[in-house]
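Residue numbers (the working numbering): 1 to 131.
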C-alpha cells in the first residue's frame, strides 16, 4: 500500500467524521424545531431504522468478510450506525467524542494492518514461515 492510497483513506475518514458531526447536529436539532409533531417523530423513527441497519450490516460484514481491510471498512459502517444511535438517545457529548476519536482508531487499525503485511512479506522473503 503506497502513500497515495493511505492519504486518500485518511481524507475519506476525516470527511466521514465531519459528515457524522453534521448529521448528528441535524438529527438533534429537528425535535427542537417542532414544525409539526408528527414529522419529527417520523424522522426519528427513520433515523433509528437507518442506525440499526448500519449496525447490523457492519456486524455481519465484520463476521463474514475475510480481508482485514474489508473488516475495517465494515467496522466504520458499524460505527456510523452506533454514533447515529447515540445521537438519537441525545448523548451528544458521547457522540461528539466518538465522532472525533473513531477516525483516529480506524487509522490505527489501517496502519497496523499495513505493518503486519510488511512484516509477513519480509519473513516470507527471508524464508521464515513462523508467524
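Backbone N, C-alpha and C fix where the C-beta goes; we use that ideal spot for every residue, glycine too.
Practice task
Taking only runs that begin and end inside the region 56–112, name each unbroken alpha helix (DSSP H) of 4 or more residues, in chain order.
Solution key: Annotation note: the region 56–112 contains the following uninterrupted alpha helix (DSSP H) runs of length 4 or greater, listed N- to C-terminal: 68–88.
Problem - CB contact flag (residue 53, residue 88, <9 Å) - result: Your numbering for residue 53 matches position 53 in the chain shown. Your numbering for residue 88 matches position 88 in the chain shown. No, Cβ-Cβ distance for residue 53 and residue 88 is not below 9 Å.
Practice task
Please classify residue 128: does DSSP put it in a helix, a strand, or coil?
Solution key: Within the chain shown, the letter at position 128 stands for residue 128. Coil, per DSSP.
Handout entry: C-alpha distance - residue 30 paired with residue 94, whole-angstrom precision
Key = As a position in the chain shown, residue 30 is number 30, starting the count at 1. As a position in the chain shown, residue 94 is number 94, starting the count at 1. For residue 30, the pLDDT reaches just 47, beneath the cut-off of 50, and the residue's location in the model is therefore unreliable, although a value from the coordinates is still provided. Taking the straight line from one Cα to the other gives about 19 Å.
Practice task
Determine, using beta-carbon pairs with one atom in the region 92–107 and one in the region 54–68, whether at least three such pairs fall under 8 Å.
Solution key: No contact exists between the region 92–107 and the region 54–68.
Exercise for the section: Please name the residue in 73, 41 and 57 whose C-alpha comes closest to that of residue 107. Expected result: Here residue 107 refers to the residue found at position 107 when the chain shown is read from its first residue. Checking every option, the nearest Cα to that of residue 107 belongs to 73.
Practice task
Round the Cβ separation of residue 84 and residue 51 to the nearest angstrom and send it over; I've been treating them as touching at under 8 Å.
Solution key: Position 84 of the chain shown, counted from the start, is the residue given in the question as residue 84. Position 51 of the chain shown, counted from the start, is the residue given in the question as residue 51. The pair is a contact, with the Cβ atoms about 4 Å apart (cut-off 8 Å).
Practice task
Identify, in the order they occur along the chain, each residue of the same chain with its Cβ nearer than 7 Å to the Cβ of residue 77, setting aside the five sequence neighbours on each side.
Solution key: Position 77 of the chain shown, counting from 1, holds the residue named residue 77. Result list for residue 77: 54, 57, 58 and 61, in chain order.
Problem - C-beta atoms of residue 69 and residue 110 nearer than 9 Å - result: Taking the chain shown and counting its residues from 1, the one referred to as residue 69 is at position 69. Taking the chain shown and counting its residues from 1, the one referred to as residue 110 is at position 110. Result yes, Cβ atoms of residue 69 and residue 110 sit closer than 9 Å.
Practice task
Label residue 128 either buried or exposed according to how many other C-beta atoms from any shown protein chain fall within 10 Å of its C-beta, with 16 as the threshold for buried.
Solution key: The sequence position of residue 128 within the chain shown is 128, counting from 1. Looking at its Cβ environment, which holds fewer than 16 other Cβ atoms inside 10 Å, residue 128 is exposed.
Problem - Backbone CA spacing between residue 117 and residue 90 [nearest angstrom] - result: Position 117 of the chain shown, counted from the start, is the residue given in the question as residue 117. Position 90 of the chain shown, counted from the start, is the residue given in the question as residue 90. Annotation: residue 117 to residue 90 spans about 40 Å, alpha carbon to alpha carbon.
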